[in-house]
Amino acid sequence: MERTFSIVKPDGVQKNIIGEVVSRYEKAGYRVAGIKMAHLTKAQAEGFYAVHAKRPFFGELVNFMISGPLVLLLIEGEGAIKGVRELMGATDPKDADEGTIRKDFADSIESNIVHGSDAPETAAFEIAYFFNALEQF
Ligand code: CDP
Ligand code: MG
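Residue numbers are given in the numbering used here: position 13 of the sequence shown equals residue 718, and the series is strictly consecutive.
The following block contains the structure:
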């Protein structure tokens, strides 16, 4: 059984589709093993996206991620890391496949509704970054 980390980003919360995103994960056979809402500080968002610190979009990405509350999700299931990424769709909604979350709801490559871990190492880091042991079920 594999675990991955996902976020309903501030634009997803604003669009009132928290339930829609969670439902897509659940209907695909994944289980919610942790869930909570947060409004990140700048330092928390910078730490989370530290791998992107040198990218030109980093400042705007951090500002977007702290622009409102978001939903932190711990998702469990067979092949959850790849499976959640497939449900999300490509980073740029213009490139996303039909029926994916980003194709259906995202406005742009910046405001793209969801985050999902991209590998076992990043999943482990991201889960531990946001969920302590008592918050994982
Ligand atoms: O989220 P994903 O793993 O698909 O993409 P990423 O390459 O890890 O980039 C992280 C996030 O940075 C994206 O989801 C976008 O919100 C943002 N981004 C951006 O604003 N402009 C880009 N050219 C690339 C990414
Ligand atoms: Mg990524």
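Glycine is no exception: its CB is placed at the ideal position from the N, C-alpha and C atoms.
Compute the Euclidean distance between the alpha carbons of residue i and residue j, then round it to the nearest angstrom.
i    : j    : result
H757 : A750 : 11 Å
A785 : I740 : 16 Å
T827 : L745 : 19 Å
A725 : K732 : The amino acid at residue 725 is misidentified as Ala; the sequence shows Glu. Distance between the alpha carbons of E725 and K732 is about 10 Å.
K808 : N837 : 32 Å
S813 : A755 : 22 Å
If you drop the 5 nearest sequence neighbours on each side, which residues of the same chain put their C-beta closer than 6 Å to that of residue i?
i    : result
V776 : V713, I723 and M742
P715 : S772, G773 and L775
Can residue i and residue j be called in contact, C-beta distance under 9 Å?
i    : j    : result
S816 : F769 : yes
E781 : A738 : yes
I648 : K720 : What the structure shows of the chain is the stretch from 706 to 842, and residue 648 is not part of that stretch, so it cannot be assessed.
Y843 : L778 : With the chain covering 706 to 842 only, the question about residue 843 has no answer from this structure.
E831 : F753 : yes
A811 : D802 : no
V727 : K747 : no
Counting contacts by CB-CB distance shorter than 9 Å, is residue i in contact with chain D?
i    : result
M706 : Absent from the structure: chain D. Only one protein chain is present.
Sorted by chain position, which residues of the same chain lie with C-beta nearer than 7 Å to residue i's C-beta, five sequence neighbours on each side aside?
i    : result
G821 : T709, S711, V789, R790 and M793
F842 : A738 and G739
Please check the pair residue i and residue j, which I expect to be a contact at CB under 8 Å, by giving their CB distance rounded to whole angstroms.
i    : j    : result
V718 : P774 : 6 Å
Excluding the five sequence neighbours on either side, which residues of its own chain have a C-beta within less than 8 Å of the C-beta of residue i, listed in chain order?
i    : result
D823 : I786 and R790
R736 : I780, E781 and G782
P761 : none
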